[in-house]
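In what follows, a structure is listed as structure tokens, so that the remarks can point back to it.
Number of protein chains: 2
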Amino acid sequence: MAANRRFLLVRRPDGTPVPDDFRLETVETPPLAPGQFLLRNHYVSLDPAIRGWMDDAPSYLPPIALGDPVRATTIGRIAETTHPDYPVGAWASGLNGIEDYSVCQAGGFTTLVDETAVPSITNYLSSVGAIGVTAYFALLDLGKPQPGETVLVSGAAGAVGSLVGQIAKAKGCRTIGIAGGAEKCARLTADYGYDVAIDYRGKSREALAEEIRAAAPEGIDIQFENVGGEILDAGLLALKPKGRVILCGLISQYNSEPQPAYNLWQLIVQGATMHGFILTHYIPRMAEAIPELAAWTRDGTIRIDEHIDEGIENALPAFLRLFDGSNRGKMILKIAD
Amino acid sequence: MAANRRFLLVRRPDGTPVPDDFRLETVETPPLAPGQFLLRNHYVSLDPAIRGWMDDAPSYLPPIALGDPVRATTIGRIAETTHPDYPVGAWASGLNGIEDYSVCQAGGFTTLVDETAVPSITNYLSSVGAIGVTAYFALLDLGKPQPGETVLVSGAAGAVGSLVGQIAKAKGCRTIGIAGGAEKCARLTADYGYDVAIDYRGKSREALAEEIRAAAPEGIDIQFENVGGEILDAGLLALKPKGRVILCGLISQYNSEPQPAYNLWQLIVQGATMHGFILTHYIPRMAEAIPELAAWTRDGTIRIDEHIDEGIENALPAFLRLFDGSNRGKMILKIAD
Numbered sequence: 190m191a192a193n194r195r196f197l198l199v200r201r202p203d204g205t206p207v208p209d210d211f212r213l214e215t216v217e218t219p220p221l222a223p224g225q226f227l228l229r230n231h232y233v234s235l236d237p238a239i240r241g242w243m244d245d246a247p248s249y250l251p252p253i254a255l256g257d258p259v260r261a262t263t264i265g266r267i268a269e270t271t272h273p274d275y276p277v278g279a280w281a282s283g284l285n286g287i288e289d290y291s292v293c294q295a296g297g298f299t300t301l302v303d304e305t306a307v308p309s310i311t312n313y314l315s316s317v318g319a320i321g322v323t324a325y326f327a328l329l330d331l332g333k334p335q336p337g338e339t340v341l342v343s344g345a346a347g348a349v350g351s352l353v354g355q356i357a358k359a360k361g362c363r364t365i366g367i368a369g370g371a372e373k374c375a376r377l378t379a380d381y382g383y384d385v386a387i388d389y390r391g392k393s394r395e396a397l398a399e400e401i402r403a404a405a406p407e408g409i410d411i412q413f414e415n416v417g418g419e420i421l422d423a424g425l426l427a428l429k430p431k432g433r434v435i436l437c438g439l440i441s442q443y444n445s446e447p448q449p450a451y452n453l454w455q456l457i458v459q460g461a462t463m464h465g466f467i468l469t470h471y472i473p474r475m476a477e478a479i480p481e482l483a484a485w486t487r488d489g490t491i492r493i494d495e496h497i498d499e500g501i502e503n504a505l506p507a508f509l510r511l512f513d514g515s516n517r518g519k520m521i522l523k524i525a526d
Numbered sequence: 190m191a192a193n194r195r196f197l198l199v200r201r202p203d204g205t206p207v208p209d210d211f212r213l214e215t216v217e218t219p220p221l222a223p224g225q226f227l228l229r230n231h232y233v234s235l236d237p238a239i240r241g242w243m244d245d246a247p248s249y250l251p252p253i254a255l256g257d258p259v260r261a262t263t264i265g266r267i268a269e270t271t272h273p274d275y276p277v278g279a280w281a282s283g284l285n286g287i288e289d290y291s292v293c294q295a296g297g298f299t300t301l302v303d304e305t306a307v308p309s310i311t312n313y314l315s316s317v318g319a320i321g322v323t324a325y326f327a328l329l330d331l332g333k334p335q336p337g338e339t340v341l342v343s344g345a346a347g348a349v350g351s352l353v354g355q356i357a358k359a360k361g362c363r364t365i366g367i368a369g370g371a372e373k374c375a376r377l378t379a380d381y382g383y384d385v386a387i388d389y390r391g392k393s394r395e396a397l398a399e400e401i402r403a404a405a406p407e408g409i410d411i412q413f414e415n416v417g418g419e420i421l422d423a424g425l426l427a428l429k430p431k432g433r434v435i436l437c438g439l440i441s442q443y444n445s446e447p448q449p450a451y452n453l454w455q456l457i458v459q460g461a462t463m464h465g466f467i468l469t470h471y472i473p474r475m476a477e478a479i480p481e482l483a484a485w486t487r488d489g490t491i492r493i494d495e496h497i498d499e500g501i502e503n504a505l506p507a508f509l510r511l512f513d514g515s516n517r518g519k520m521i522l523k524i525a526d
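Residue numbers (the numbering used here), protein chains in the order written: chain A, 190 to 526; chain B, 190 to 526.
Have a look at this one:
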């Protein structure tokens with residue numbers, strides 16, 4: 190038994206989440222049933238998808254129930270166990286909650302991880318975690334990039350976008366990144382190897398399309414979309430025949446109404462394809478991606494920036510950085526040393 | 190030499206075309222150069238795509254030049270020839286103009302057709318022509334329908350839509366058609382074998398989505414979209430995981446501004462794919478489709494309704510039927526007996 194602080198969802202947010210939507214409670218950890226183990230969470234992955242799970246809307250996972258901890262991927266060490274395959278002290282990671290301790294099932298979705306395979310254990314929440322696997326499968330399995338092709342990435346300085354740009358470069362592509370503000374754009378070329386950085390701020394759909402076309406006069410082979418709305422529309426105008434659009438995220442609308450897309454006619458004119466990417470469809474194939482992502486992280490093929498805020502009491506402001514753009518890398522919350 | 194009436198584009202239409210955008214002129218046919226033959230056009234295929242070619246906008250084909258005949262697929266008999274492979278009296282079809290006579294190049298895109306393979310020579314402009322080949326490749330090559338799957342078709346009473354529904358049925362699918370008005374909806378089930386007909390008229394996006402979900406409680410495997418806008422959005426809400434959306438036409442916006450799509454997030458949530466279809470990418474594969482389409486037309490597997498108006502002087506009102514919905518089948522203009 191231990192004191193367990195848990196960050197609960199107590200009201201469904203209307204737009205951007207506010208403090209009254211949540212409550213931090215402290216309860217005792219329950220006794221374990223046979224086959225269970227108790228995970229002491231050290232780090233929590235904060236991802237835009239969490240915002241979707243806060244709504245009472247049908248999705249690929251059920252909504253977070255009111256009164257439950259906010260669902261998130263965590264990584265920690267096993268603190269108590271009833272199963273020999275899950276020894277105390279071992280690192281494990283899975284979809285749990287923002288809480289000090291999570292009760293997990295042996296053989297379930299919280300799996301042991303090899304701390305020696307990565308430079309930092311937090312990499313299992315970043316380049317070797319959901320965002321790494323997302324970038325890997327969305328780009329390689331759906332986009333099928335070929336050497337010499339041009340890849341356009343929106344949200345290019347973000348967690349997924351920065352990895353997509355680097356994997357595309359590793360596959361011999363030319364990369365164009367779109368981000369908001371001069372500082373992020375500087376990181377695109379300096380840190381993530383983008384050939385061209387485009388700042389979308391203050392630009393109309395038409396001006397942005399013009400700038401994309403100037404950067405890729407022969408057009409875009411793969412448009413990797415993390416944002417949606419006007420940025421999606423601008424990229425569509427530069428698509429090449431048989432282009433592939435990867436719809437990976439629509440962060441422009443996570444806290445608001447859906448943003449319209451006006452330029453789907455370009456898919457017809459170019460005989461192009463738009464693939465929606467959902468990570469859950471790739472769970473059976475995780476083992477294809479993780480060793481390669483770990484190797485790329487070790488050898489520096491991919492650089493991952495992690496923005497680590499501390500303290501479970503800072504869960505909400507840390508989460509909101511995803512939407513105001515103030516994070517500088519994959520957003521992680523540290524809740525134990 | 191013969192008198193050649195030609196239906197010229199003389200001004201780019203603003204929205205719906207009007208009579209002053211065109212002029213009917215009569216000129217003499219020119220002498221043929223070696224390798225050319227003269228086609229006496231009997232029938233002209235009127236298709237929504239022609240409206241796009243009237244705009245001065247980049248597309249998969251250049252715009253129709255002002256002063257040129259309106260571009261269209263025609264079928265006719267060879268009236269004069271310079272080449273032994275193209276004898277006088279033979280039937281041939283290709284992308285020419287709305288005019289009594291077209292000068293064609295031997296070995297070019299106007300090809301001989303076998304009048305004995307089809308019940309009516311006009312079938313080469315309908316079930317065995319561009320719309321047949323469109324329905325065939327867009328559904329079978331992009332949609333890959335499996336027996337027992339559910340296929341939703343918008344514009345289901347239209348030229349492409351009626352064929353898509355019938356080909357999907359022949360492949361063992363359940364078919365749901367969307368059309369405007371009770372009379373068209375009655376034809377969906379009576380003539381084209383649709384299992385369910387849905388009338389979109391007077392319904393909000395939400396009401397339409399509700400009706401689609403009621404008709405397909407387990408969801409839609411393939412959404413075959415000929416219309417766009419609110420109908421596309423409504424269908425997206427009923428999409429199954431790994432669903433396929435075929436974007437074949439967006440007739441709702443041919444004479445107006447692009448209609449927005451709000452529900453692309455469904456592609457992400459369902460891990461679904463949207464394929465734009467453009468016929469030109471399938472030109473090298475025409476020979477795969479044409480014999481099977483001709484056989485299906487002969488044996489009644491597919492029923493094709495042709496709406497044949499007469500007289501080159503009626504080209505504009507006949508064309509406009511495509512947009513006001515007053516045609517009752519594939520729109521064809523007969524310009525010679």
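By construction, the Cβ of each residue, glycine as well, lies at the ideal position given by its N, Cα and C atoms.
Spatial neighbours of MET463 of chain A in its own chain (CB-CB distance under 7 Å, excluding positions within 5 residues in sequence) are listed in chain order as VAL434, LEU436 and LEU456. Around the CB of GLN459 of chain B, 16 or more other CB atoms lie within 10 Å, so the residue is classed as buried. Beta bridge pairing from DSSP links ASP498 of chain A with A:LEU522.
Neighbours of PHE466 of chain B across chain A, judged by C-beta separation under 8 Å: ILE457 and GLY460. The C-beta separation of PHE326 of chain B from TYR471 of chain B comes to about 5 Å, placing the pair in contact by the 8 Å criterion.
Following the DSSP letters along the chain, one finds PHE508 of chain A inside the alpha helix (DSSP H) bounded by residues 504-513. Inter-residue distance for TYR383 of chain A and SER343 of chain A is about 12 Å (C-alpha atoms, whole angstroms).
Counted as a single uninterrupted DSSP element, the beta strand (DSSP E) harbouring LEU197 of chain A occupies residues 192-198.
ARG266 of chain A is bridged by DSSP to A:ARG229 and A:TRP280. The residue among A:LEU331, A:LEU421, A:ASP330 and A:TYR313 with its C-alpha nearest the C-alpha of GLY366 of chain A is A:LEU421.
Rounded to the nearest angstrom, the gap between the Cα atoms of ALA375 of chain B and THR305 of chain B is 32 Å. In terms of CA proximity to ASP274 of chain B, B:GLY296 leads the group B:GLY296, B:ALA403 and B:ASP513. Shown here, ASN285 of chain B sits in a strand according to DSSP, grouped into three states. For the stretch 409-488 of chain A, the continuous beta strand (DSSP E) assignments of 3+ residues that do not extend past its boundaries occur at 409-414, 428-436 and 462-465, in sequence order. Residue B:LEU505 holds the alpha-carbon nearest to the alpha-carbon of PHE196 of chain B among B:LEU505, B:ASP513, B:LYS523 and B:LEU453. Leaving aside the five residues that flank GLY224 of chain B on each side, the residues in its chain whose CB is nearer than 8 Å to its CB run, in chain order, THR271, HIS272, GLN294, ALA295 and GLY296. Bounds of any beta strand (DSSP E) do not take in VAL302 of chain B, whose DSSP letter is neither H nor E. DSSP lists B:LEU198 as the bridge partner or partners of PHE211 of chain B. Distance from the Cα of ILE239 of chain B is smallest, within the candidate group B:PHE226, B:PRO202 and B:TRP280, for B:PRO202.
In the structure shown, the three-state DSSP call for VAL353 of chain B is helix.
In the three-state DSSP reduction, TYR325 of chain A falls in the helix class (H, G or I).
Under the criterion of beta carbons closer than 8 Å, ALA368 of chain A and LEU377 of chain A qualify as touching, at roughly 6 Å. The Cβ atoms of VAL292 of chain A and PRO219 of chain A lie closer than 8 Å to each other. If you draw a straight line from the Cα of PHE226 of chain A to the Cα of GLY256 of chain A, it comes to about 22 Å.
For TRP485 of chain A, the closest of A:SER315, A:PRO247, A:CYS362 and A:ALA386 by C-alpha to C-alpha distance is A:SER315.
Counting of Cβ neighbours within 10 angstroms places VAL259 of chain A among the buried residues, the total reaching 16 or more. Ranked by how close their Cα comes to the Cα of THR300 of chain A, the residues A:ILE310, A:GLU269, A:LEU284 and A:SER309 have A:LEU284 in first place.
Taken in chain order, the complete alpha helix (DSSP H) segments of 4 residues or longer contained in the stretch 370-396 of chain B are 371-380. Not a single C-beta of chain A is nearer than 8 Å to the C-beta of SER393 of chain B. Contact between PHE413 of chain B and VAL307 of chain B is ruled out by a C-beta separation of about 24 Å, above the 8 Å threshold. Secondary structure at ARG402 of chain A: helix, using DSSP grouped into helix, strand and coil.
In this structure, SER234 of chain A keeps its C-beta atom at 8 Å or more from the C-beta atom of ALA324 of chain A.
Collapsing the DSSP output to three states places LEU255 of chain A in coil.
Here ALA261 of chain A has VAL233, SER234, LEU235, ASP236, ILE239, LEU284, ASN285, GLY286 and ILE287 as same chain residues with Cβ atoms under 8 Å from its own Cβ, once five neighbours each way along the sequence are excluded.
Going by beta carbons, ARG194 of chain B and ILE521 of chain B fall outside the 8 Å limit. Beta-bridge partners of GLY366 of chain B (DSSP): B:VAL342 and B:ALA386.
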